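Here the protein sequences line up with chains A and B, keeping their order.
Quick note on this note's numbering: the first sequence kicks off at 361 and runs consecutively.
Quick note on this note's numbering: the second sequence kicks off at 116 and runs consecutively.
Where is the CB? At the ideal position from N, CA and C, for every residue including glycine.
None of these values were measured; they are calculated from a predicted model.
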Amino acid sequence: MVAIVTAEDIAMSYGSTSILKGVSFALEAGESLSLIGSNGAGKSTLIRCLLRLEPITTGRISLFGREIQNLKPSELRSTRCRVGVVFQRHNLVPRLSVLSNVVHGALGRNTQTFGSMISGITLWSHITAGSAHRERAMECLERVNLADLAHRRADSLSGGQSQRVAIARALMQDPDLIIADEPAASLDPIAGEEVMGLFSELCREAGVSLIFSTHNISHAVDFADRMMAMKSGRMSIDCPTGSVDLKALKAEYA
Amino acid sequence: MIILFILVSAWCFDGSGFSIAQLLGSSEYLLRFLREAFPPIDEHRLTFEQFHRYWLALIETFQMAFAGTLLGLVIGFILALFASRGLMFESRRSNLLQWSVKMLISLFRTVPDLVWAIIFVMVVGLGAFAGTLTIMVDTIGFCGRFFAEEMEDVDRSSAEALSASGARRFDIVFAAVVPAATPGLITTSLFAFEKAIRSSVVLGLVGAGGIGLELQSLMNWMAYDRAMVIIGMIFALVLVVEQLSSYLRKLVMKNER
Ligand SMILES: Nc1ncnc2c1ncn2[C@@H]1O[C@H](COP(=O)(O)OP(=O)(O)OP(=O)(O)O)[C@@H](O)[C@H]1O
Ligand SMILES: [Mg+2]
């Protein structure tokens, strides 16, 4: 199997406080991985490092077989556009419509084609976007059950609704890998199950790989092939979800 | 702290030559100005032709202010994109560029508009064009600074999300940062226009077009009555523009909540 993500012994610190202390793991194509750990364990930081949003101090990270530390800006963009990211804070553009925010998901892929300067401009808002992009954005909204809110302003949504818009924006990227930081955190139980179900369906049917963090242990077990637990910046458990020792898990959180 | 403030104030009033006696002592001149200025409209002194000329000058003042502001807004916005920290570029080398653009904007802002007007009158000659250029430079200085600050103050997390999806900086700026800064940009633009209207009135004093020239010549001729008419016209123009702009500003703000 091909490794989609490999992290080898990465360390990272904010100033003098070290946050990640030697994390290693690998993710294969089509595999799904859940990430658990108490508040402040470093899950979000690990995710930011994987995308080179934060620099790591030691170690190596590769995405799709390319080491990201040394990529030129254009190479970094072409790598990033294959990764759909859902942040813990959903990070929508507040004054634009829901549909515009979803259309933005196409900006990354767009830079890969010739003449992208002009077509990039049309993707700033759903009003100027071509009908192909608009229809695709509507499809993505339908997948998260938000099609009826397409023309609402993003800052008028509830927490769970904007969470789902962020997921739709990631789907718009047509990603090969989805990295989601607590994607179900602000969703009600049913919407949460739906979103997790959608992710694992993408894994099974479209061969997308998935990394998600969660505080919901049953999500972590049910919707992933493998799970990892983090404890103050270190990987403490890395095992297939079939053979999880729930007692050991409880101990991690204690 | 308070004692220091009082001392500094006393020192400054002393230096400014502030004197109530002098102000009252000159009351005979003030009274003469007022006596001659009122009633301002007297059929024997203000002809319709003259009024028509003032009216055209007032229109010219408005046109100068509007055109100059518009040009200044566009150029100021472009410069602000580069003057704003970590917006267009993020490398070491670009810090130098950002700093130089900021300095350029400061230069436009710190040199007083009358000085710019004198310079432009020398370059392009007397008239409204010199005034328009002056307003433009003034607006670049004003908007360049505040536009840049507004775009720096925008929450960058949505921009970061787009950057994580592989979007280009240029697209990120216009898809995420500019939309979020729009209310601030509009408010600043309206203030810039108010400011331009006020300063375009004075520019005529140095020959850069508009109604200021008429005012100055009337004052020189001691034709205070007609000067009063012009002051009234200026007052009305400034008032109308300020009211309109504060109405538009409220409209923008209401849309936000
Ligand atoms: N920008 C920052 N500057 C300094 N320290 C930070 C910063 N961001 C995070 N940290 C610290 O890094 C540690 C790990 O944070 P992180 O957000 O990765 O935790 P997490 O596992 O995602 O927690 P949660 O479950 O609450 O989301 C925390 O101790 C946090 O205080
Ligand atoms: Mg987190």
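For residue j and residue i, the rounded distance between their alpha carbons
| i | j | result |
| --- | --- | --- |
| Ala263(B) | Ile370(A) | 37 Å |
| Tyr374(A) | Ala540(A) | 22 Å |
| Val230(B) | Phe285(B) | 36 Å |
| Leu436(A) | Ile428(A) | 7 Å |
| Ala274(B) | Met266(B) | 11 Å |
| Thr574(A) | Ala580(A) | 7 Å |
| Leu387(A) | Ile571(A) | 9 Å |
| Phe244(B) | Thr302(B) | 26 Å |
| Asp515(A) | Ser522(A) | 8 Å |
| Val604(A) | Ile396(A) | 13 Å |
| Met372(A) | Gly402(A) | 10 Å |
| Ala291(B) | Glu175(B) | 39 Å |
| Arg426(A) | Gly259(B) | 41 Å |
| Ile478(A) | Asn470(A) | 10 Å |
| Tyr169(B) | Gln178(B) | 14 Å |
| Glu554(A) | Leu609(A) | 25 Å |
| Leu248(B) | Val239(B) | 10 Å |
| Met334(B) | Ser460(A) | 58 Å |
| Leu186(B) | Ile220(B) | 15 Å |
| Ile349(B) | Gly327(B) | 9 Å |
| Val269(B) | Leu145(B) | 51 Å |
| Pro535(A) | Val568(A) | 7 Å |
| Ser134(B) | Glu151(B) | 26 Å |
| Ala363(A) | Ala492(A) | 33 Å |
| Ser434(A) | Leu277(B) | 15 Å |
Extent of the continuous alpha helix (DSSP H) run through residue i
| i | result |
| --- | --- |
| Glu368(A) | That residue, Glu368(A), is in no alpha helix (DSSP H); its beta strand (DSSP E) goes Ala363 to Tyr374. |
| Ser278(B) | Ser272 to Ala279 |
| Leu562(A) | Pro549 to Ala566 |
| Ser314(B) | Val293 to Leu318 |
| Trp336(B) | Careful: Trp336(B) lies outside any alpha helix (DSSP H) and carries neither H nor E. |
| Asp129(B) | Ile117 to Gly130 |
| Ser404(A) | Lys403 to Leu410 |
| Thr176(B) | Phe163 to Ala198 |
| Phe285(B) | Arg284 to Ile287 |
| Gly201(B) | Per DSSP, Gly201(B) belongs to no alpha helix (DSSP H) and is neither H nor E. |
| Leu139(B) | Ile135 to Gly140 |
| Ala544(A) | Unbroken run through Ala544(A): none, as it is neither H nor E. |
Classification of residue i by the beta-carbon crowding that lies within 10 angstroms, buried from 16 upward
| i | result |
| --- | --- |
| Val312(B) | In the sequence as displayed, the identity of residue 312(B) is Ile instead of Val. When all chains shown are included, Ile312(B) counts as buried. |
| Ser376(A) | exposed |
| Ala172(B) | buried |
| Cys563(A) | buried |
| Phe163(B) | exposed |
| Leu222(B) | exposed |
| Asn210(B) | exposed |
| Tyr339(B) | buried |
| Gln137(B) | exposed |
| Phe204(B) | exposed |
| Phe120(B) | exposed |
| Met532(A) | buried |
| Asn451(A) | buried |
| Val458(A) | buried |
| Ser392(A) | buried |
| Met405(B) | Because chain B spans 116 through 372 in this model, residue 405(B) falls outside it and cannot be assessed. |
First through last residue of the beta strand (DSSP E) which encompasses residue i
| i | result |
| --- | --- |
| Pro600(A) | Arg594 to Pro600 |
| Phe572(A) | Ser569 to Ser573 |
| Arg586(A) | Arg586 to Lys591 |
| Val383(A) | Thr377 to Glu388 |
| Arg420(A) | Thr418 to Leu423 |
| Leu395(A) | Ser392 to Ile396 |
Selection from the options that minimises the alpha carbon distance to residue i
| i | options | result |
| --- | --- | --- |
| Gly322(B) | Ala182(B), Gly191(B), Phe181(B) and Gly246(B) | Gly246(B) |
| Ser394(A) | Phe583(A), Met595(A) and Ser596(A) | Phe583(A) |
| Gln165(B) | Arg341(B), Gly140(B), Val355(B) and Ser360(B) | Arg341(B) |
| Ser578(A) | Gln533(A), Pro549(A) and Ala367(A) | Pro549(A) |
| Gly382(A) | Glu495(A), Thr417(A) and Leu411(A) | Thr417(A) |
| Asp228(B) | Gly319(B), Asn370(B), Asn335(B) and Tyr362(B) | Gly319(B) |
| Leu467(A) | Gly281(B), Phe204(B) and Ile234(B) | Gly281(B) |
| Gly347(B) | Leu330(B), Ser361(B), Trp336(B) and Tyr362(B) | Leu330(B) |
| Arg524(A) | Met498(A), Asp536(A) and Leu537(A) | Met498(A) |
| Arg529(A) | Ser569(A), Cys500(A) and Gly552(A) | Cys500(A) |
| Arg147(B) | Gly242(B), Leu186(B), Glu357(B) and Met337(B) | Met337(B) |
| Ile255(B) | Phe306(B), Met368(B), Val236(B) and Leu363(B) | Phe306(B) |
| Ser378(A) | Val365(A), Ala510(A), Gly390(A) and Pro415(A) | Pro415(A) |
| Ser485(A) | Arg513(A), Arg503(A) and Asp508(A) | Arg513(A) |
| Leu483(A) | Met556(A), Leu456(A) and Asp508(A) | Leu456(A) |
7 Å Cβ cut-off: residues of chain D touching residue i
| i | result |
| --- | --- |
| Arg449(A) | Absent from the structure: chain D. Protein chains present are A and B. |
>> I'd like the ranges of any beta strand (DSSP E) spanning at least 3 consecutive residues and lying wholly in the region 441-489 of chain A.
In response: 443-446
> Curious, which full-length alpha helix (DSSP H) runs of at least 4 residues does the region 212-282 of chain B contain?
Replying inline: 228-239, 243-268 and 272-279
> In chain order, which alpha helix (DSSP H) runs of at least 4 residues are fully inside the region 487-539 of chain A?
Replying inline: 491-503 and 519-532
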